[in-house]
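What follows is a single structure, written as structure tokens, with notes after it.
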Amino acid sequence: SDSSQVSMGCLVTGYFPEPVTVQWNSGAISTGIQTFPAVFDSSNSRYTLSSQLTVSASSWKSEKFQCTVEHVASSSTLHREIRCKFCQVFLVCLHPP
Numbered sequence: 001s002d003s004s005q006v007s008m009g010c011l012v013t014g015y016f017p018e019p020v021t022v023q024w025n026s027g028a029i030s031t032g033i034q035t036f037p038a039v040f041d042s043s044n045s046r047y048t049l050s051s052q053l054t055v056s057a058s059s060w061k062s063e064k065f066q067c068t069v070e071h072v073a074s075s076s077t078l079h080r081e082i083r084c085k086f087c088q089v090f091l092v093c094l095h096p097p
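In full-length UniProt numbering, the protein residues as written are 1 to 97.
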């Protein structure tokens, strides 16, 4: 339906030190974003962070989305494009036994 929404995510792993910044479409998107706090993994002394973008299903089918991650401490900037490949909506129904 027209009111359907799609969520996509950008998972940033294995960085140190804090912080990283995550932007969607080079900062052009500012709504529908939820960036979760970084988690420190003491086994490898690295951080992991995720950012989630929720858009309308129609936008998902017609537009391109890009996650940009900047880590100032290492002078690194990475861009990853996320796009609709199959554009099928899956419905999962759970029924109690």
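For each residue, glycine too, the CB sits at the ideal point set by N, CA and C.
Closest residue to residue i among the options (Cα-Cα distance)
i: E18; options: M8, N44 and H71; result: H71
i: D80; options: T13, N25, S3 and V6; result: Checking the displayed sequence, the identity of residue 80 turns out to be Arg instead of Asp. Residue N25 is the option with its Cα nearest to R80.
i: F40; options: Q23, S30, G14 and A57; result: G14
Integer Cβ distance of residue i from residue j, believed to fall under 8 Å
i: G9; j: Q66; result: So it is not a contact: roughly 13 Å between Cβ atoms.
i: G32; j: V55; result: 6 Å
i: S50; j: V12; result: 7 Å
Cβ neighbours of residue i in the same chain (closer than 6 Å, five flanking residues each side left out)
i: T84; result: Position check: residue 84 holds Cys in this sequence, whereas Thr was assumed. Cβ neighbours of C84 beyond the five flanking positions: W60 and K61.
i: T21; result: E70
i: F36; result: S50
i: T77; result: E70
i: S7; result: Q52 and T54
i: S4; result: A57
Reduced DSSP secondary structure (H/G/I, E/B, other) of residue i
i: V69; result: strand
i: G9; result: strand
i: G27; result: helix
i: S59; result: helix
i: S51; result: strand
Contacting residues, own chain, Cβ-Cβ under 7 Å from residue i (five flanking each side not counted)
i: K64; result: E81 and R83
i: residue 99; result: Past the edges of the chain, shown from 1 to 97, lies residue 99, and the structure says nothing about it.
Short CB-CB distance (under 9 Å) between residue i and chain E
i: H71; result: Although the question refers to chain E, the structure presented lacks it and comprises just one protein chain.
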